[in-house]
Structures are given as C-alpha cells and as structure tokens.
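Just so you know, we're using my numbering here: the sequence shown kicks off at 941 and counts up by one.
Yeah, the Cβ is synthetic: ideal placement off N, Cα and C, and Gly gets one too.
Treat the numbers as computed from the prediction; the structure is a model and nothing was measured.
Each remark here refers to the structure printed beneath this line.
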Amino acid sequence: MSHIGESIARLADLARLKSDLEMRRFAAYRAHVEAARARITTLTEELQALYDSEAAHSLSGARLANALAGDRSRALGRAEVELEQMMPGYQAARGAALREFGRVQALEDLHARETDARRLKVQRKQSDGT
C-alpha cells in the first residue's frame, strides 16, 4: 500500500471512531427527546381525558377535576419547556453526527479511488511489460 493510501486509511479509521462517538451522543439525545415527547403526549391525553370525563357533576368532583387538570397543565408546561431546552443540543448533536458520518464516507471514497488508481497503474505496467 502506498504512503498516501496508508494515510487515507488511517484517517478513515480515526474518522470512523469519531463518527461512532458522535452517533452515540446523538442517540442519547434522541432517546431523551423521544422520552420528553412521550411525556408530553401522555400528559396531553390525560388532560383531554379529564375534560372529556362524564363524571358526576358534584362540587367535590369538580374540585378534584380542576385540581387534576391544573396539575397536568403545569406538568405539561414543564415538559414542553424541557423539550424546548433540549432541542438546541439535539440539533447540534445531529449535525455533528451527520458531519462525521459524511467525513468517513468521503475518506472511504477517497481511499477506494486511490486503491483503484494504484491497481490500474499496476495493470498498465503489467500490460506494457508483456
């Protein structure tokens, strides 16, 4: 293998390691974002169920429903803020993972082209020598 080919292969290996780290980081962010979205969905459904409830319309029932609705509304607001705060980090991790993945692809492509060029050069030398 030529010096250039070895260098490109080493760079591709390093880029692959960095890409794996960035992909793991992004996967962790994605798991947190998905969990936050699931919490928001659950709280929204619980709140909607409270509003749709056909429970007895007593004063104590209304107080309980109101207290539960207030609790779910506050929890929903906190969950939405939490998700909103996660998004910049999530987007940054996503961008870094894409960038590193692209770098690996480019280096592997370059290495393949260099290998093909070297193979073609050897074939030409062999065909010229025979």
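{"query": "To the nearest angstrom, report how far apart A975 and E1020 are at their CA atoms.", "result": "12 Å"}
{"query": "Which value, in whole angstroms, describes the spacing of the CA atoms of I944 and Q1045?", "result": "17 Å"}
{"query": "Would you kindly work out how many angstroms separate the C-alpha atoms of Y1030 and A1037, rounded to a whole number?", "result": "11 Å"}
{"query": "For S942, name the three-state secondary structure that DSSP assigns.", "result": "coil"}
{"query": "Drop a sphere of 10 angstroms on the beta-carbon of L983, count the other beta-carbons inside from all chains shown, and report buried for 16 or more, exposed for fewer.", "result": "buried"}
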